[in-house]
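Enquirer: Below is a structure I'd like to ask you about.
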Ligand SMILES: *Cc1c(COP(=O)(O)O)cnc(C)c1O
Ligand SMILES: [Zn+2]
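In this note's numbering, the protein residues as written are 206 to 623.
This is the structure in structure tokens:
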């Protein structure tokens, strides 16, 4: 790893060499998540112009990734996703500008591919023949897909209650899927035990120190894709939906990397959007609770990708909000459902519930005055709407069934508009 200077524990600040530990701070165990640090002065010497190198996707930023020089990237195109300027969404929300970063365009249709790409490369670096993770959905699909792309085996631990659509994606990629009779937490612990026992490479979120590093590349792309022709601050706020808190931690890391290299004039505010029924971090932030001691909550939301009773990356997620002067907010399941067609009709981007939550969050932030009419915001669309057609069908209206006759068309248009 040419430019990595060490791994720093988020709890005790001890700096480790990457050779000292594979995953977490030895003093703090599973809570001791490690942040990767780089020699930014050395990296700043390499100009990165990814728009001239879209075929590289996220690996356009390889100098800022914790990878050995010789490790080959996966054959799938990960990252390099489009960014859209959406004036109708901006008008509807009453802000100056809304950018939509469509990460549902990744190979397994979610932002999690950015992390799983790193996972399969690290597995190859340490010579692990099998990769593993515990997850209920997109992280597992991403790992199974990326592993399939290089012929690695994957073993996935999911709660037995996991949605069938996500299990179908795993099985199709050829993963060994183990349905654990228990919660996500049980699956998480079992996955850790099994990876120690069998020498598998473990991708678990907020345990593996390199996953947030993959996710941060979405920010490098975002800043490189916004036209720099205008001298105003390009972005005032970035909306990120939050479950375990690893994406928002990665987003914050990406911003901190840019700042460390002198490429960020001003830090945008991060807005963490949580489902009202899974609002551990919102509540802790609102009431000044210490997340190192706050017990788990019982999470209930139809946005399964942001359902987390005990967010695994809670320490860093809270820091991301506090250090950018940002905020957490909550949106109800009804607001999330309504945001799916609103986002799709205003931008052409079809998002799964957890991803559409950012648009629901934008509407709420504008209505409550958290952001003003001058705001220039970006929404991260973290997962594709085809991941959960059931949710979309609940909210997007109904289609009339008609006879194959023009008169029937006329009648249907009168009744349903057209
Ligand atoms: C995982 C995921 C999130 C939330 O990311 P966390 O790191 O758990 O906070 C949001 N949206 C989608 C589509 C996801 O897959
Ligand atoms: Zn520590």
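A virtual CB, placed ideally from N, CA and C, is assigned to each residue, including glycine.
1) What's the gap between the Cα of residue 451 and the Cα of residue 606?
2) Per DSSP, which one or two residues make a beta bridge with residue 240?
3) Does the region 588–603 come within contact of the region 537–556, defined as at least 3 CB pairs closer than 8 Å?
4) Closest by CA to residue 341, which one among 423, 529, 513, 519?
5) Is the Cβ-Cβ distance between residue 536 and residue 566 less than 8 Å?
6) Along the chain, where does the alpha helix (DSSP H) containing residue 350 start, and where does it finish?
7) With DSSP as the reference, please indicate the residues paired to residue 485 in a beta bridge.
8) Do residue 423 and residue 306 have their C-beta atoms within less than 8 Å of each other?
9) For a test of the three-state rule: what should DSSP assign to residue 364, helix, strand or coil?
10) At the level of alpha carbons, what is the spacing between residue 236 and residue 417?
11) Within 7 Å: the Cβ of residue 661 and any heavy atom of ligand 1?
12) Taking a cut-off of 6 Å, which residues have a beta-carbon closer than that to any heavy atom of ligand 2, in chain order?
13) Measure from the C-beta of residue 374 to each C-beta in chain C and report whether the shortest distance is under 8 Å.
14) Can you name, in chain order, every residue of its own chain whose Cβ lies under 7 Å from the Cβ of residue 428, other than the five neighbours on each side?
15) With hydrogens ignored, establish whether the beta-carbon of residue 513 is closer than 7 Å to any heavy atom of ligand 1.
16) Could you spell out where the alpha helix (DSSP H) holding residue 442 opens and where it closes?
17) Residue 319 lies in the alpha helix (DSSP H); which residues open and close that run?
18) Who are the near neighbours of residue 359 in its chain, counting only those whose CB is closer than 6 Å to its CB and skipping five residues on each side?
19) Can you give me the C-alpha to C-alpha distance between residue 472 and residue 441, rounded to a whole angstrom?
20) Candidates 246, 613, 583, 226: which alpha carbon is nearest residue 430's?
21) With burial defined as no fewer than 16 other Cβ atoms inside 10 Å of the residue's Cβ, what is the status of residue 621: buried or exposed?
22) Which residues in the same chain as residue 329 place their Cβ atom closer than 7 Å to its Cβ, once the five residues preceding and following it in sequence are excluded?
23) Report all residues from its chain with a CB closer than 6 Å to the CB of residue 262; omit the five preceding and five following residues, and keep chain order.
24) CA-CA distance, residue 477 and residue 523?
25) What residue range does the alpha helix (DSSP H) around residue 374 cover?
26) Could you tell me which of 419, 354, 224, 613 sits nearest to residue 267, measuring between CA atoms?
27) Residue 495: which of 480, 515, 396 sits nearest, CA to CA?
28) State yes or no: is the C-beta of residue 453 nearer than 7 Å to some heavy atom of ligand 1?
29) Any idea which residues DSSP pairs residue 305 with across the strands?
30) Give the C-beta separation of residue 415 and residue 317 to the nearest angstrom, bearing in mind that I take them to be a contact with Cβ-Cβ under 8 Å.
31) Compare the C-alpha of residue 384 against each of 399, 366, 398, 371 and name the closest.
32) Thinking C-beta only, is residue 273 closer than 8 Å to residue 206?
33) Excluding the 5 residues flanking residue 400 on each side, which residues of the same chain have their C-beta closer than 6 Å to its C-beta?
34) Please name the residue, chosen from 413, 315, 552, that lies closest to residue 289 on a Cα-to-Cα basis.
35) Between residue 642 and the rest of its own chain, which residues show a CB-CB distance below 8 Å, the 5 nearest in sequence each way excluded?
36) Run through DSSP, which three-state label would residue 421 get?
Expert: A quick look at the data gives this:
1) 44 Å
2) Beta-bridge partners of residue 240 (DSSP): 213.
3) yes
4) 513
5) Cβ distance < 8 Å, so residue 536 and residue 566 count as in contact.
6) 343–355
7) In the DSSP output, where bridge partners are listed per residue, residue 485 has none listed.
8) A contact, by the Cβ cut-off of 8 Å.
9) strand
10) 15 Å
11) Summary: the structure shown does not reach residue 661, with the chain confined to residues 206 through 623, and so no result is reported for it.
12) 214, 216, 217, 219, 230, 232, 233, 237
13) Absent from the structure is chain C; it holds one protein chain and no more.
14) 463
15) yes
16) Note, residue 442: premise wrong, no alpha helix (DSSP H); beta strand (DSSP E) at 442–446.
17) Its alpha helix (DSSP H) spans residues 318–330.
18) The beta carbon of residue 359 lies closer than 6 Å to those of 336, 348, 349, 352, 380 in the same chain, with the five residues before and after it left out.
19) 8 Å
20) Closest option to residue 430, Cα to Cα, is 583.
21) exposed
22) 276
23) 282, 283, 284, 285
24) 9 Å
25) 369–377
26) If we check each option's Cα against that of residue 267, 419 comes out closest.
27) That would be 515, whose Cα lies nearest to the Cα of residue 495.
28) Residue 453 Cβ: within cutoff of ligand 1.
29) 289, 584
30) Not a contact, Cβ separation roughly 13 Å.
31) 366
32) Residue 273 is positioned such that its CB atom lies closer than 8 Å to that of residue 206.
33) 337, 407
34) 552
35) Outside the displayed range of the chain (206 to 623) lies residue 642, so it cannot be described from this structure.
36) coil
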